[in-house]
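One point on numbering: in the working numbering, the residue at position 188 of the sequence shown is 1409, and numbering is uninterrupted. This report concerns only the one structure given below.
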Amino acid sequence: MTSWEGRITERDIYGRLRLTCPPERIPAPGQYLLAWNPGETDSLLAVPVFLAELAAPEERAVWLAPATPCTGNPGEKLHLRGPLGNGFRLPPGVRRLAAFVPRRPPWRVLPLIQRVLREGGAVVLFSGADTAHLPLPAALEILPPAAFPETLRAWADYWVADLPLEDAADISSVLGSPTPPVPGAVLVDTPMPCGGLADCGVCALSINGKTILACKQGPVVEVEGGR
Ligand code: FES
């Protein structure tokens, strides 16, 4: 895949970056762009960056979730590849979405949450982070992470989770069961320095009895449900 260039035009108080982006390069929710900032001398590796808001193609720009390490400042250009990887594929007819992001702001699943709410569905976010000051949709209900397994059983028809690699590998503990009652998908948070170009193996993950490369077969990994 050819690389392209985007310019950072803004950084908001939450650390999100606004990046110029042609419509055909806008990642779907859960997909990533592999970003490298030639001006960042202390970070030589490319960093995966994710959509933090549903994007309107006519704006030719996207809001990106804060990335670690930080990918740049307003005025700087990023070298980019992508969009890459598998994004979220919501099955038709999902009306009640449970979103589990226990320890940090839910930026990386927010575009999906926005989509479900716009289509008339309901979403509950399970978060232990301080979300009170974040610009989240008013219709979004927020519950503590401990309520997630019971809500899956009693209410949700689909779930998504945003988890670091070690928690994603142990997804049955997170779900409270080896087979969740309803299907869902986990967005794996892991370094993906080569984005599948060199098969470096840094993003290798064992999940559901299979070993995958998150950069190619993820970073969204679907999990079957058993209800
Ligand atoms: S990032 Fe190199 S194989 Fe996935």
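We put the beta carbon where it would ideally sit given N, CA and C, even for glycine. Being a predicted model, the structure only gives us computed values, none of them experimental.
Strand pairing of residue i, partner residues [DSSP]
i	result
D1383	L1408
L1255	P1269 and R1302
A1282	T1241
P1399	Bridge partners of P1399: none, in fact.
F1321	F1347 and A1382
W1225	L1301
I1363	L1346
I1433	L1426
V1441	L1408
E1231	R1239
N1307	P1440
Whole-angstrom C-beta distance between residue j and residue i, which should lie under 8 Å
i	j	result
V1322	V1315	No, V1322 and V1315 are not in contact; Cβ-Cβ is about 18 Å, not under 8 Å.
V1381	G1446	About 13 Å; that fails the 8 Å criterion.
G1293	Q1252	Incorrect: roughly 20 Å between the Cβ atoms, too far for contact.
P1440	V1395	Not quite, the Cβ-Cβ distance comes to about 16 Å (not below 8 Å), so this is no contact.
L1333	V1283	Actually they do not touch by this definition, with Cβ atoms about 15 Å apart.
P1356	L1338	Incorrect: roughly 14 Å between the Cβ atoms, too far for contact.
A1350	R1324	6 Å
P1327	Y1235	The pair is not a contact, with the Cβ atoms about 11 Å apart (cut-off 8 Å).
V1335	L1275	Residue identity differs from the one stated: residue 1335 is Gln in this sequence, not Val. That belief holds up - the Cβ atoms of Q1335 and L1275 are roughly 5 Å apart, short of 8 Å.
With 16 other Cβ atoms within 10 Å as the buried cut-off, status of residue i
i	result
I1392	buried
L1386	buried
T1411	buried
L1266	exposed
D1383	buried
P1243	exposed
A1320	buried
S1427	exposed
P1365	exposed
P1278	exposed
P1401	buried
A1360	exposed
A1419	exposed
A1353	exposed
Nonlocal neighbours in the same chain, by C-beta distance under 8 Å from residue i, ignoring five residues either side
i	result
E1297	R1228, I1229, N1258 and G1260
G1187	The chain is shown only over 1222 to 1448; residue 1187 falls outside these bounds and no answer can be derived.
E1362	A1343, V1344, V1345 and L1346
V1423	T1411, P1412, M1413, P1414 and C1415
T1432	A1425 and L1426
Other residues of its chain near residue i: CB distance less than 6 Å, five sequence neighbours each side excluded
i	result
A1249	G1308
A1288	V1268 and V1270
L1238	I1229, R1232 and L1285
V1442	V1407 and I1428
P1399	S1393
C1421	C1415
Close-in-space but distant-in-sequence residues of the same chain around residue i (CB under 7 Å, 5 per side omitted)
i	result
Y1379	L1311, P1312, V1315, L1318, V1403, P1404 and G1405
P1295	I1229, T1230, E1231 and R1232
G1342	V1315, R1316, R1317 and L1318
W1225	R1246 and L1301
A1390	L1426, S1427 and I1428
A1368	F1347
G1397	P1370
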